[in-house]
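Report on the following structure.
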Amino acid sequence: MANIYLYYYVFLTIIVFILSLKLSQKINITLLSPFLIGLTVLAIILITTKIPYQDYYQGNEILVKLLNISIVALAYPFYEQLSQIRRYWKSILIIVIFATTFSMLTGVVFTLLLGGDTAILASVLPKSVTTPIAVAISKEINGEPAITAVGVTVAGLIGSSFGLTILNWCNIKNPKAIGLGMGAVSHALGTARSLEVSLKMGSFSSISLVLCGVLSSLFAPFVMKIILLFIN
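To convert, take the position in the sequence shown, counting from 1, and add 126; that gives the numbering used here.
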């Protein structure tokens, strides 16, 4: 029975995503990303058919594992833009350090304003890096991985939906700068959106995604310790 679940739920997820991708391309509305459409459709299916989420998650375990592997694939556009990284490494480093710090602090500020406890703080701290890295960071600093995953999803959806529009309003036209910003605040979803615009923008977004993930892994434990010193 477990094998049936495995194949059924994996194919269900893949089919829904493919249909969502085609629908998103056809209607061409920025807010209706393939991810959001697929998420909504799958939620409706699970609720109406009363499929337990744990069964669905277990059936998609192979895709969850592939998610971790997919992070390695980001090295390809990273490698393609290696000459650009060498040329602009100072600017890139400054941007990703600022973006990493700012993303963490905004999560902390809003959590404190809303009365969240230390577990919530630890969970939202890594909200702007890609899911596998964010979950690993959350576990390390005693957060709740499930809450972290929700935070990452929300950050990705908002950034991928509104990021390009906001940057356009700010009159930022450089594809390198836009890519770095999208990857820093909306991780994989922002990178996917950037790749739809141009390979260069997507490449710089993946650079930002990877570097922000690395820096968040290094910074998060220290930032959490500093926060605990102030609130305890």
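Backbone N, C-alpha and C define an ideal beta-carbon position, used for all residues, glycine too.
The beta carbons of S229 and S249 sit about 14 Å from each other, so the pair does not count as a contact at 8 Å.
The C-alpha of I333 lies about 27 Å from the C-alpha of K148. DSSP places G305 within a helical segment (H, G or I) once states are collapsed to three. Look at K176 here: in three-state DSSP terms it is coil, with no helix or strand label. Proximity of the segment 309-316 to the segment 250-264 meets the contact definition, three or more beta-carbon pairs being nearer than 8 Å.
Here Q180 is exposed. Its C-beta has fewer than 16 other C-beta atoms within 10 Å.
The shortest C-alpha to C-alpha distance from S329 to any of I304, I171 and M350 is the one to I304. Taking a C-beta distance under 7 Å as the contact criterion, Y135 and Y205 do not qualify as a contact pair.
If you look at G241, you'll find it isn't in any alpha helix (DSSP H); DSSP assigns it neither H nor E.
Runs of alpha helix (DSSP H) with 4 or more residues, each lying fully within the segment 261-318, are found at 271-295, listed in chain order.
A Cβ-Cβ separation of about 22 Å leaves A245 out of contact with G282 under the 8 Å criterion. One Cα belongs to S342, the other to A199, and the distance between them is close to 20 Å. Beyond the five residues adjoining it in sequence on each side, V278 comes within less than 6 Å, by CB distance, of K253, T257 and A260 in the same chain, given in chain order. Its Cα nearest to that of E322, the residue Q151 stands out among D243, Q151, S146 and I140. Per DSSP, K253 lies in no alpha helix (DSSP H) and is assigned neither H nor E. In the three-state reduction of the DSSP assignment, L189 falls in the helix class, which pools H, G and I. Of Y214, A275 and T226, the smallest CA-CA separation from L193 is found for A275.
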